[in-house]
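A.B. asks:
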Amino acid sequence: MFPDTRTAALEQLEAFLPRAGRAYASRRNHDTGPGTERTTSMLSPAIRRKLITEAEVCARVMATQGHAAAEKFIQEICWRTYWVGWLQQRPGVWARYREELAASQERVDLDRAPQRRYAAALAGETGIDAFDGWAKELVEAGWLHNHARMNFASIWIFTLQLPWQLGADFFYRHLLDACPASNTLSWRWVAGLQTAGKTYLANPESIRKMHPRFRLEAPLARTAIALPADDPGPPRGIRPAQQFDDGKRTGLFITTADLSLETEILPKLVAVAATSRIGGAPSPLKCAHAETALADGLARAAAHAQVEGERLDEENPIEAMRAWVAQHGLEQVVTGEAPVGPEAERLAALEAAGIPIVRVRRQWDDLAWPQASKGFFAFKAAIPRLLATV
Ligand SMILES: Cc1cc2nc3c(=O)[nH]c(=O)nc-3n(C[C@H](O)[C@H](O)[C@H](O)COP(=O)(O)OP(=O)(O)OC[C@H]3O[C@@H](n4cnc5c(N)ncnc54)[C@H](O)[C@@H]3O)c2cc1C
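Per UniProt numbering, residue 1 is the first one in the sequence shown, and the count goes up by one each step.
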C-alpha cells in the first residue's frame with residue numbers, strides 16, 4: 001500500500017493517475033477505510049522521503065489529466081511544499097514544539113485525569129468509535145486519511161482536552177509520512193495557532209458522512225476555543241542554495257530527506273554512503289519502511305556512481321563520517337537538502353564538526369520556499385510559476 005522503493009512509488013503514481021483529476025476533486029474527502037480502494041493517492045510516505053518528488057508527480061498528473069482537471073490534486077501537493085517552506089522560514093516553531101512536547105509530557109504524567117485520557121487515546125479506548133478506529137489504524141497501518149487526521153486532532157484537543165503537542169508526537173512516531181512541517185503545522189492549524197484564532201471543530205455529521213463505517217454516538221466538543229496565541233516571529237528568509245564544485249573529489253551522503261538524488265545533476269562521485277540505521281524513536285513499522293526506502297535510495301545512488309554503497313555507524317555519526325571522508329580523500333560531501341527537522345539537525349552537527357557538506361536543493365523547493373512566508377492564499381499565486389518548471 002505504501003511504496004518503500006522508487007520503482008514501487010512510480011508504479012503507484014501511474015496506477016493513481018486516472019483518478020487524479022475530477023474523481024479526486026469530488027471524492028478525496030471520503031474515507032472508505034483500510035482494505036478498500038482509497039480515494040487519494042497514498043503517496044505521502046514516498047513524497048516525504050523524495051522517493052518521488054513533488055515536481056515529478058505534478059508533471060505526470062498534468063500530462064495525463066491536464067491542468068484544469070488536476071488542479072485540486074496539485075493544490076494538495078503544494079500544501080506540503082507550502083508547509084515545508086513556511087517552517088523553513090520559522091525554524092523556531094519546530095524547536096519550541098520539541099520543548100513544549102517534553103513539558104506537556106511532564107504535566108500529563110503528574111495529573112491522573114489527563115494521564116488516563118492520554119492512555120485511552122493512545123490505546124484507542126476512549127469510547128469515541130471513530131477516534132478509536134483511527135488510533136488503531138494509525139498504529140497498524142502507519143497512515144491516516146487527511147479528513148481522519150483533521151478530526152482526530154480536533155477530538156484530541158477539544159473533546160479529550162489533551163495537549164496538541166502529545167497528539168502531534170503520537171502521529172510523528174507512527175506516520176510513515178511523518179513530516180516536521182506538515183504534521184506540526186497541521187496540528188497547530190487545528191488548534192487555532194497557525195491561523196490565529198481559527199480552529200477546526202470536528203463535526204459528527206461530516207464524520208459520519210465521510211467515514212460511513214463509524215456511527216459516532218459519543219458526544220464531541222461543541223465549541224473549539226483557540227489555544228492562546230503564540231508568536232511564530234517574522235520569516236527569516238531562505239538561505240541561498242549551496243553549489244557543489246565540479247572539480248572536487250566528492251562523496252554522496254544519502255539521507256531520508258531525499259532518496260532519489262541520482263535524478264539530479266551531480267558531480268563525479270567516488271563514494272556513496274548512508275547511515276547504518278534510522279535514528280530517533282520511530283514505531284517499528286515506520287522504522288522498517290524508512291530502512292527499506294533508505295536501502296533503496298542508497299542502492300540506486302551507488303549504481304549511478306558505479307561504486308559500492310557504504311554504511312556509516314549511526315552510533316558515532318561524526319567519527320564515522322570523518323573516517324569515511326579520510327578513507328576516500330573527499331573534499332566535499334554532497335547530500336540532499338534537508339528542511340527543518342531531524343535530518344537537518346544531523347547535517348548541522350556534521351557541518352559544525354567541520355565536514356564539508358554541500359546540500360543539493362531541488363529547483364522546486366528553491367523556487368517555492370521563499371514564497372511561503374505568508375498564508376497559503378499568497379503562496380497559491382506562485383503555483384503557476386512553479387508548475388512552469390516541471
Ligand atoms: C493533523 C494532520 C497531520 C498531518 N501530518 C502529515 C505528515 O506528517 N506528513 C504528510 O505528508 N502529511 C501530513 N498531513 C497532510 C495529509 O493528511 C497527508 O499528506 C495526506 O493524508 C496523505 O495522503 P495521500 O498521499 O493519499 O494524499 P493525496 O490526497 O493523494 O495528496 C497527494 C500528496 O499531497 C500532499 N498533501 C495532501 N494533502 C495535504 C495536506 N493537507 N497537507 C500537506 N500535504 C498534503 C501529500 O504529500 C500527499 O501525498 C497531515 C494532516 C493533518 C490534518
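C-beta: ideal position from N, C-alpha, C; glycine also.
Output the residue ranges of the alpha helix (DSSP H) runs that lie fully inside the segment 345-381 and measure 4 residues or longer, sorted by chain position.
C.D. replies: Counting only unbroken stretches of 4 or more residues, the alpha helix (DSSP H) elements lying wholly within the segment 345-381 are 363-368 and 376-380, in sequence order.
A.B. asks: Short check: CB of residue 142 to CB of residue 133, under 9 Å?
C.D. replies: no
A.B. asks: Are there 16 or more other CB atoms within 10 angstroms of the CB of residue 391, so buried, or fewer, so exposed?
C.D. replies: Examination of residue 391 is not possible in this model, given that the chain is present from 1 through 390 alone.
A.B. asks: What's the gap between the Cα of residue 226 and the Cα of residue 366?
C.D. replies: If you take the alpha carbons of residue 226 and residue 366, they lie about 33 Å apart.
A.B. asks: Can you find a heavy atom of ligand 1 that lies under 8 Å from the Cβ of residue 239?
C.D. replies: no
A.B. asks: First and last residue of the beta strand (DSSP E) that includes residue 332?
C.D. replies: 332-336
A.B. asks: Exposed or buried, residue 457, counting other C-beta atoms within 10 Å across all chains shown (16 or more means buried)?
C.D. replies: Look at the range of the chain in this structure, 1 to 390, and you will see that residue 457 is not part of it.
A.B. asks: So does residue 183 have its beta carbon nearer than 8 Å to some heavy atom of ligand 1?
C.D. replies: Yes - ligand 1 has a heavy atom lying nearer than 8 Å to the Cβ of residue 183.
A.B. asks: What span of residues does the beta strand (DSSP E) with residue 270 cover, start to end?
C.D. replies: 269-275
A.B. asks: Under 9 Å, do residue 193 and residue 164 count as touching if we go by C-beta distance?
C.D. replies: yes
A.B. asks: In this structure, how does DSSP classify residue 262 when only helix, strand and coil are distinguished?
C.D. replies: DSSP places residue 262 in helix when its eight states are reduced to three.
A.B. asks: Could you tell me if residue 258 is buried or exposed, where buried requires 16 or more neighbouring beta carbons within 10 angstroms of its beta carbon?
C.D. replies: Per the 10 Å Cβ criterion, buried.
A.B. asks: Quick check on residue 286: buried or exposed, where buried means 16 or more other Cβ atoms within 10 Å of its Cβ?
C.D. replies: buried
A.B. asks: Checking 9 Å against the spacing of the C-beta atoms, do residue 362 and residue 5 come in under that value?
C.D. replies: no
A.B. asks: Around the C-beta of residue 231, are 16 or more other C-beta atoms found within 10 angstroms, so that it is buried, or is it exposed?
C.D. replies: exposed
A.B. asks: Shorter than 8 Å, the distance from the beta carbon of residue 57 to the closest heavy atom of ligand 1, or not?
C.D. replies: Yes - ligand 1 has a heavy atom lying nearer than 8 Å to the Cβ of residue 57.
A.B. asks: Give the single residue among 299, 63 and 217 whose Cα lies nearest to the Cα of residue 271.
C.D. replies: 299
A.B. asks: Within 10 Å of its beta-carbon, does residue 316 have 16 or more other beta-carbons around it, so buried, or fewer, so exposed?
C.D. replies: exposed
A.B. asks: Would you call residue 63 buried or exposed, if buried means 16 or more other Cβ atoms sit within 10 Å of its Cβ?
C.D. replies: exposed
A.B. asks: Given that a residue counts as buried once 16 or more other Cβ atoms are within 10 Å of its Cβ, and exposed if not, what is residue 246?
C.D. replies: Its Cβ having fewer than 16 others within 10 Å, residue 246 is exposed.
A.B. asks: In chain order, what are the residue ranges of uninterrupted alpha helix (DSSP H) at least 4 long that sit wholly in the UniProt domain "Cryptochrome/DNA photolyase FAD-binding" (73-204)?
C.D. replies: 92-110, 112-123, 129-141, 146-154, 164-174 and 180-191
A.B. asks: Give the single residue among 71, 7 and 48 whose Cα lies nearest to the Cα of residue 28.
C.D. replies: 71
A.B. asks: Report the rounded CA-to-CA distance for residue 379 versus residue 75, giving the unit in angstroms.
C.D. replies: 10 Å
A.B. asks: Rounding to the nearest angstrom, what Cα-Cα distance links residue 358 and residue 243 in this structure?
C.D. replies: Roughly 7 Å separates the two Cα atoms.
A.B. asks: In the DSSP assignment, find the alpha helix (DSSP H) that holds residue 310 and state where it starts and stops.
C.D. replies: Not the alpha helix (DSSP H): residue 310 falls in the beta strand (DSSP E), residues 309-312.
A.B. asks: Mind reading off the beta-carbon distance from residue 80 to residue 47? Whole number of angstroms is fine, and I expect it under 8 Å.
C.D. replies: 7 Å
A.B. asks: Might you give, ordered along the chain, the residues of its own chain that have their beta carbon closer than 6 Å to the beta carbon of residue 275, omitting 5 neighbours on each side?
C.D. replies: Once the five neighbours on either side are set aside, the close Cβ partners of residue 275 are 312 and 314.
A.B. asks: May I ask which residues mark the beginning and end of the beta strand (DSSP E) holding residue 250?
C.D. replies: 250-254
A.B. asks: Please find out if some non-hydrogen atom of ligand 3 comes closer than 8 Å to the beta-carbon of residue 40.
C.D. replies: You won't find ligand 3 in this model; what it holds is ligand 1.
A.B. asks: Of all the options 152, 150 and 137, which has the alpha carbon lying nearest to the alpha carbon of residue 174?
C.D. replies: 137
A.B. asks: Using a Cβ-Cβ cutoff of less than 8 Å, which residues in the same chain neighbour residue 252 once the five nearest sequence positions on both sides are dropped?
C.D. replies: 261, 266, 269, 271, 272, 273, 301, 305, 333, 334 and 335
A.B. asks: With the cut-off set at 9 Å, would you say residue 121 and residue 158 are in Cβ contact?
C.D. replies: In terms of Cβ geometry, residue 121 and residue 158 do not form a close pair [threshold 9 Å].
A.B. asks: Around the C-beta of residue 26, are 16 or more other C-beta atoms found within 10 angstroms, so that it is buried, or is it exposed?
C.D. replies: exposed
A.B. asks: On a CA-only basis, which of 40, 206 and 33 is nearest residue 23? Give me that one, please.
C.D. replies: 40
A.B. asks: With the cut-off set at 9 Å, would you say residue 185 and residue 87 are in Cβ contact?
C.D. replies: yes
A.B. asks: Leaving aside the five residues before and after residue 235 along the sequence, list all residues of the same chain whose C-beta is less than 7 Å from its C-beta, in chain order.
C.D. replies: 89, 90 and 373
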